[in-house]
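Visitor:
Residue numbers (UniProt numbering): 1 to 225.
Structure representation (C-alpha coordinates):
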(Lines of atoms letter the chains of each structure in order from A and count residues from 1; the text may use other names and numbers.)
(Lines give C-alpha, C1' and ligand atoms only; values in the text may rest on other atoms or scores of the structure.)
Protein backbone atom coordinates (compact mmCIF):
# COMPACT_ATOMS: atom_id res chain seq x y z
CA UNK A 1 0.00 0.00 0.00
CA UNK A 2 1.23 3.49 -0.87
CA UNK A 3 1.06 6.10 1.90
CA UNK A 4 1.53 9.84 1.45
CA UNK A 5 2.93 11.56 4.57
CA UNK A 6 2.46 15.34 4.66
CA UNK A 7 4.29 17.18 7.47
CA UNK A 8 6.74 20.08 7.69
CA UNK A 9 8.61 18.49 10.62
CA UNK A 10 11.64 16.72 9.13
CA UNK A 11 12.01 14.43 12.16
CA UNK A 12 8.44 13.19 11.87
CA UNK A 13 8.85 12.67 8.12
CA UNK A 14 12.01 10.63 8.71
CA UNK A 15 10.48 8.57 11.52
CA UNK A 16 7.32 7.83 9.54
CA UNK A 17 9.30 6.84 6.45
CA UNK A 18 11.47 4.43 8.45
CA UNK A 19 8.59 2.87 10.41
CA UNK A 20 6.23 2.48 7.47
CA UNK A 21 8.82 1.12 5.06
CA UNK A 22 9.90 -1.39 7.72
CA UNK A 23 6.32 -2.69 7.67
CA UNK A 24 6.12 -3.02 3.92
CA UNK A 25 4.45 0.25 2.95
CA UNK A 26 5.53 2.36 -0.02
CA UNK A 27 6.01 5.90 1.27
CA UNK A 28 5.88 9.31 -0.41
CA UNK A 29 6.59 12.40 1.69
CA UNK A 30 6.30 16.17 1.35
CA UNK A 31 6.33 19.25 3.58
CA UNK A 32 3.52 21.44 2.24
CA UNK A 33 -0.02 21.28 0.94
CA UNK A 34 0.69 22.23 -2.65
CA UNK A 35 3.18 19.39 -3.03
CA UNK A 36 0.73 17.01 -1.36
CA UNK A 37 -1.97 17.79 -3.91
CA UNK A 38 0.45 17.42 -6.82
CA UNK A 39 1.78 14.08 -5.56
CA UNK A 40 -1.72 12.78 -4.86
CA UNK A 41 -2.73 13.61 -8.43
CA UNK A 42 0.40 12.19 -10.09
CA UNK A 43 0.92 9.12 -7.89
CA UNK A 44 -2.42 8.40 -6.15
CA UNK A 45 -1.87 7.12 -2.60
CA UNK A 46 -3.96 4.49 -0.85
CA UNK A 47 -3.91 6.54 2.37
CA UNK A 48 -2.82 10.05 3.41
CA UNK A 49 -1.29 11.02 6.77
CA UNK A 50 -1.70 14.79 7.06
CA UNK A 51 -0.51 17.49 9.46
CA UNK A 52 -2.78 20.52 9.83
CA UNK A 53 -0.17 23.23 10.32
CA UNK A 54 1.53 23.42 6.91
CA UNK A 55 3.63 26.36 5.69
CA UNK A 56 1.58 27.21 2.59
CA UNK A 57 -2.00 26.30 3.55
CA UNK A 58 -4.07 24.73 6.28
CA UNK A 59 -4.35 20.96 6.28
CA UNK A 60 -8.13 21.50 6.29
CA UNK A 61 -7.83 23.08 2.84
CA UNK A 62 -5.83 20.08 1.61
CA UNK A 63 -8.58 17.74 2.79
CA UNK A 64 -11.30 19.77 1.10
CA UNK A 65 -9.40 19.89 -2.19
CA UNK A 66 -8.68 16.17 -2.09
CA UNK A 67 -12.36 15.47 -1.48
CA UNK A 68 -13.22 17.23 -4.74
CA UNK A 69 -11.86 14.25 -6.68
CA UNK A 70 -10.84 11.36 -4.41
CA UNK A 71 -12.21 9.38 -1.46
CA UNK A 72 -8.73 8.21 -0.35
CA UNK A 73 -8.67 7.74 3.45
CA UNK A 74 -7.11 10.73 5.22
CA UNK A 75 -5.82 10.52 8.80
CA UNK A 76 -4.91 13.83 10.43
CA UNK A 77 -1.77 13.84 12.59
CA UNK A 78 -1.77 17.04 14.64
CA UNK A 79 -0.58 18.57 17.89
CA UNK A 80 -3.88 20.44 18.12
CA UNK A 81 -5.93 18.78 20.84
CA UNK A 82 -9.13 20.84 20.87
CA UNK A 83 -12.40 19.10 20.14
CA UNK A 84 -13.36 21.87 17.69
CA UNK A 85 -10.28 21.17 15.53
CA UNK A 86 -11.13 17.48 15.48
CA UNK A 87 -14.74 18.14 14.51
CA UNK A 88 -13.70 20.61 11.78
CA UNK A 89 -11.24 18.11 10.33
CA UNK A 90 -13.77 15.29 10.30
CA UNK A 91 -16.43 17.53 8.79
CA UNK A 92 -13.96 18.60 6.09
CA UNK A 93 -13.58 14.96 5.09
CA UNK A 94 -10.89 13.40 7.28
CA UNK A 95 -11.45 9.77 8.24
CA UNK A 96 -9.64 9.92 11.58
CA UNK A 97 -7.71 12.32 13.83
CA UNK A 98 -4.61 11.31 15.80
CA UNK A 99 -3.01 13.76 18.22
CA UNK A 100 0.76 14.13 18.55
CA UNK A 101 2.68 12.56 20.15
CA UNK A 102 1.28 9.17 19.17
CA UNK A 103 2.39 5.55 19.33
CA UNK A 104 3.29 3.83 16.07
CA UNK A 105 1.19 0.77 16.94
CA UNK A 106 -1.90 2.94 17.52
CA UNK A 107 -1.36 4.75 14.24
CA UNK A 108 -0.93 1.49 12.33
CA UNK A 109 -4.19 0.18 13.85
CA UNK A 110 -6.01 3.34 12.77
CA UNK A 111 -4.54 3.01 9.28
CA UNK A 112 -5.81 -0.57 9.05
CA UNK A 113 -9.26 0.54 10.25
CA UNK A 114 -9.35 3.33 7.65
CA UNK A 115 -8.41 0.82 4.96
CA UNK A 116 -11.23 -1.51 6.01
CA UNK A 117 -13.74 1.33 5.81
CA UNK A 118 -12.56 2.38 2.37
CA UNK A 119 -15.06 0.91 -0.08
CA UNK A 120 -14.39 0.10 -3.72
CA UNK A 121 -17.05 1.45 -6.05
CA UNK A 122 -17.71 -1.89 -7.73
CA UNK A 123 -18.60 -3.47 -4.40
CA UNK A 124 -21.00 -0.74 -3.37
CA UNK A 125 -24.74 -1.25 -3.83
CA UNK A 126 -27.55 1.22 -4.35
CA UNK A 127 -29.98 1.35 -1.41
CA UNK A 128 -33.46 2.63 -2.28
CA UNK A 129 -36.28 3.88 -0.07
CA UNK A 130 -39.61 5.44 -1.12
CA UNK A 131 -38.22 8.85 -0.10
CA UNK A 132 -34.58 8.82 -1.27
CA UNK A 133 -31.85 6.69 -2.85
CA UNK A 134 -28.35 6.11 -1.45
CA UNK A 135 -25.75 5.31 -4.10
CA UNK A 136 -22.88 3.93 -2.05
CA UNK A 137 -20.57 3.61 -5.03
CA UNK A 138 -21.02 7.16 -6.32
CA UNK A 139 -21.21 8.46 -2.72
CA UNK A 140 -24.33 10.49 -3.30
CA UNK A 141 -27.96 10.68 -2.24
CA UNK A 142 -30.90 11.49 -4.51
CA UNK A 143 -34.27 12.79 -3.36
CA UNK A 144 -36.98 13.64 -5.89
CA UNK A 145 -34.35 13.02 -8.59
CA UNK A 146 -32.12 15.76 -7.16
CA UNK A 147 -28.83 15.27 -5.38
CA UNK A 148 -28.86 16.05 -1.66
CA UNK A 149 -25.74 17.80 -0.39
CA UNK A 150 -24.34 16.07 2.69
CA UNK A 151 -21.29 16.93 4.74
CA UNK A 152 -18.56 14.24 4.82
CA UNK A 153 -19.58 13.32 8.38
CA UNK A 154 -23.28 13.08 7.47
CA UNK A 155 -22.35 10.86 4.54
CA UNK A 156 -20.14 8.62 6.68
CA UNK A 157 -22.95 8.02 9.19
CA UNK A 158 -25.53 7.39 6.45
CA UNK A 159 -23.16 5.03 4.63
CA UNK A 160 -22.64 2.87 7.72
CA UNK A 161 -26.38 2.71 8.41
CA UNK A 162 -27.27 1.97 4.78
CA UNK A 163 -24.72 -0.84 4.60
CA UNK A 164 -26.39 -2.37 7.64
CA UNK A 165 -29.97 -1.77 6.49
CA UNK A 166 -32.48 -3.46 8.75
CA UNK A 167 -29.90 -4.05 11.50
CA UNK A 168 -29.27 -2.08 14.67
CA UNK A 169 -25.96 -0.18 14.62
CA UNK A 170 -24.89 0.64 18.16
CA UNK A 171 -23.98 4.14 19.27
CA UNK A 172 -20.53 2.89 20.23
CA UNK A 173 -19.91 1.40 16.78
CA UNK A 174 -20.98 4.58 14.98
CA UNK A 175 -18.85 6.78 17.21
CA UNK A 176 -15.84 4.50 16.76
CA UNK A 177 -16.18 4.21 12.98
CA UNK A 178 -16.91 7.88 12.30
CA UNK A 179 -14.88 9.75 14.92
CA UNK A 180 -12.43 7.19 16.28
CA UNK A 181 -11.96 5.01 19.34
CA UNK A 182 -11.62 7.89 21.83
CA UNK A 183 -15.14 9.12 21.05
CA UNK A 184 -17.00 6.28 22.75
CA UNK A 185 -19.32 8.42 24.88
CA UNK A 186 -20.04 11.54 22.77
CA UNK A 187 -23.57 10.44 21.90
CA UNK A 188 -24.58 14.10 21.50
CA UNK A 189 -22.58 14.12 18.25
CA UNK A 190 -24.84 11.39 16.89
CA UNK A 191 -28.03 13.17 17.94
CA UNK A 192 -26.96 16.35 16.16
CA UNK A 193 -25.96 14.64 12.93
CA UNK A 194 -28.95 12.31 12.85
CA UNK A 195 -31.25 15.33 13.23
CA UNK A 196 -29.47 16.98 10.28
CA UNK A 197 -29.83 13.85 8.14
CA UNK A 198 -33.53 13.56 8.94
CA UNK A 199 -34.13 17.20 7.98
CA UNK A 200 -32.47 16.54 4.62
CA UNK A 201 -33.92 13.09 3.86
CA UNK A 202 -37.06 12.25 5.79
CA UNK A 203 -40.48 13.37 4.44
CA UNK A 204 -41.47 14.13 8.03
CA UNK A 205 -38.31 14.64 10.14
CA UNK A 206 -40.30 14.70 13.38
CA UNK A 207 -41.64 11.21 12.60
CA UNK A 208 -38.78 9.44 10.78
CA UNK A 209 -39.55 6.32 8.77
CA UNK A 210 -36.07 5.41 7.55
CA UNK A 211 -33.52 6.71 10.07
CA UNK A 212 -34.80 5.13 13.26
CA UNK A 213 -33.55 5.69 16.82
CA UNK A 214 -33.46 2.71 19.18
CA UNK A 215 -33.43 4.56 22.49
CA UNK A 216 -30.29 3.99 24.50
CA UNK A 217 -28.91 1.50 21.99
CA UNK A 218 -28.28 2.96 18.55
CA UNK A 219 -29.81 3.55 15.12
CA UNK A 220 -31.36 1.52 12.31
CA UNK A 221 -31.83 2.19 8.62
CA UNK A 222 -35.16 0.95 7.25
CA UNK A 223 -35.70 0.77 3.48
CA UNK A 224 -39.48 0.53 3.51
CA UNK A 225 -40.34 2.52 6.59
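Yeah, the Cβ is synthetic: ideal placement off N, Cα and C, and Gly gets one too. Since this is a predicted model, take the numbers as computed values, not measurements.
In terms of residue numbering, what span does the alpha helix (DSSP H) encompassing residue 154 cover?
Guide: Per DSSP, residue 154 belongs to the alpha helix (DSSP H) from 152–163.
Visitor: Taking the continuous alpha helix (DSSP H) assigned at residue 64, which residues delimit it?
Guide: Per DSSP, residue 64 belongs to the alpha helix (DSSP H) from 59–66.
Visitor: Measure from the alpha carbon of residue 77 to the alpha carbon of each residue in 143, 130, 6, then state which is nearest.
Guide: Ranking the options by Cα distance to residue 77, first place goes to 6.
Visitor: Measuring CB atoms only, is the segment 180–194 touching the segment 129–143, in the sense that at least three cross pairs come out at less than 8 angstroms?
Guide: Taking 8 angstroms as the limit for Cβ pairs, the verdict is that the segment 129–143 does not touch the segment 180–194.
Visitor: Under a three-way DSSP split, which group does residue 34 fall into?
Guide: Helix at residue 34.
Visitor: Among 39, 45, 32, 74, whose alpha-carbon lies nearest the alpha-carbon of residue 55?
Guide: Nearest C-alpha to residue 55: 32.
Visitor: Could you give the first and the last residue of the continuous alpha helix (DSSP H) run that contains residue 193?
Guide: Looking at the DSSP string, the run of the alpha helix (DSSP H) that includes residue 193 is 187–201.
Visitor: If I'm right that residue 72 touches residue 44 with Cβ under 8 angstroms, what's the distance once you round it to whole angstroms?
Guide: Right, the Cβ-Cβ distance comes to about 7 angstroms (below 8 angstroms), so this counts as a contact.
Visitor: When DSSP builds the beta bridges, which residues end up paired with residue 49?
Guide: Partner(s): 5, 75.
Visitor: Is residue 58 closer than 8 angstroms to residue 66 when the C-beta atoms are compared?
Guide: Not in contact: residue 66 and residue 58 (Cβ atoms no closer than 8 angstroms).
Visitor: Is it a yes or a no for the segment 148–164 touching the segment 193–213, going by three-plus beta-carbon pairs under 8 angstroms?
Guide: Contact between the segment 148–164 and the segment 193–213 is present, because at least three Cβ pairs lie under 8 angstroms.
Visitor: Hey, how far is the Cα of residue 171 from the Cα of residue 211?
Guide: Computed Cα separation, rounded: 13 angstroms.
Visitor: Does DSSP put residue 175 in a helix, in a strand, or in coil?
Guide: Residue state, collapsed to three classes: helix.
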